[in-house]
Each structure stands twice: as C-alpha cells, then as structure tokens.
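In this note's numbering, the protein residues as written are 12 to 201.
Okay, so here's the structure we're looking at.
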C-alpha cells in the first residue's frame, strides 16, 4: 500500500472510530443529567471494581460482572484472557498480540452484551491498528517532508519504538483542516 492510500485508510478508520466508546451513555437522558455526590461515588466504585473505562450505572453492575466473567474465561494466549487484554493499554496489548500468528478475534456475539461487545471490539481495533500506523510513520519518514535520509529499515525500527500517542500525533499532523474537522479530538485515538 502506498503512502497516500495508507493515509486515506487511517483517516477513514479514525472517522469511523469517532468518540470511541463515549457515546454509549445517551446524552440528554435523565441518567446523564443527574450528577450528585452519591452517583459520582457509585460510579467510581464500579469503575474501580471492574477496572474498565466505561462507567456503568449501578443497576447494570450485576449484569456487567457476568459479562466480565465471560470475557475472563476467553483465553487469548496461555493464561492471558480477553478481559486482561481489555484492561491493558494499547501498547501493552499490542506487545502480546503482535507475536501471535494467525490470531483472530474470538466470536463474541453470543458471549457478551451489546455494549460490552462494542467496547471490546473497539479496544481490540485500537490495538490492532498499530502496525498500520507504524508503516505510515515509516513511510512518512521516507518522504521529502521529513528529510531524514535514512534507509527504510531504520525508519521502520524508529517507527516501531514510538509510543502509540506519538504515532497518532504524526498522523494528525499530516491531515488537513477538512479531515480534522470530521474527527472529534476527544476520540479514543488521542
């Protein structure tokens, strides 16, 4: 894939990702409008107990605990579960998944609730986009914009060492204002 095609693919991926998982709580609902001290305490307790990004409401705690137990039973590699992968940062998750050959996302549709399923799929997508970002940044280093005058193999090694946020920052800098307008800055990419 050439530089421009990879840039278009990554732009599309970022637009499709939008705000990541933040939109799972409907805006304007009564639940969203109530912000009391006790609700904040309850949400923090749930977040700490489940240790996932999405902060469910108290009535969903039992349901989510069942879903988390199901995710914990799905083993990805040895004793590492899908739940543990979802708790990891994108870089940590990628360090585990990158060396696995012919790895596929296990079928989850019958195992998990819709919201949990979307959160898991989005987290895995953010992990699995990394090799494409590395290739994009390595290609970017080879262009006249960077003028590094390094062999491609060296540019590739440098790109592999860059943290994910910096890879996204390089991509963001390559986008024009029109492309940036379609991607919320609050997305899970930054």
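Where is the CB? At the ideal position from N, CA and C, for every residue including glycine.
Between the segment 100 to 115 and the segment 145 to 162, the count of Cβ pairs shorter than 8 Å is below three; the stretches do not touch.
Look at residue 100 here: in three-state DSSP terms it is coil, with no helix or strand label. Ranked by Cα distance from residue 172, the options 102, 119, 107 are led by 102.
By the CB criterion at 7 Å, residue 127 and residue 78 fall inside the cutoff. Within its own chain, the residues whose Cβ lies closer than 7 Å to the Cβ of residue 91, once the five positions on either side in sequence are excluded, are 107, listed in chain order. Beyond the five residues adjoining it in sequence on each side, residue 131 comes within less than 8 Å, by CB distance, of 82, 93, 97, 119, 123 in the same chain, given in chain order. The straight-line gap separating the alpha-carbon atoms of residue 183 and residue 76 is approximately 37 Å. Secondary structure note for residue 88: it is in no alpha helix (DSSP H), and the uninterrupted beta strand (DSSP E) holding it is 86 to 88.
Within the same chain, 147, 185 come within 7 Å of residue 18 by CB-CB distance, once the 5 residues on both sides are set aside. Counted as a single uninterrupted DSSP element, the alpha helix (DSSP H) harbouring residue 153 occupies residues 141 to 153.
CA-CA distance, residue 181 to residue 159, rounds to 15 Å. Classified as exposed, residue 156 has fewer than 16 neighbouring CB atoms from the shown chains inside 10 Å of its CB.
With a cutoff of 7 Å on beta-carbon distance, residue 140 and residue 104 are scored as not near each other. For residue 174, the three-state secondary structure derived from DSSP is coil.
Take the alpha-carbon of residue 24 and the one of residue 117: they are about 21 Å apart. Residue 170 and residue 13 have their C-alpha atoms roughly 16 Å apart.
Within the DSSP secondary-structure output, residue 91 pairs in a beta bridge with 88.
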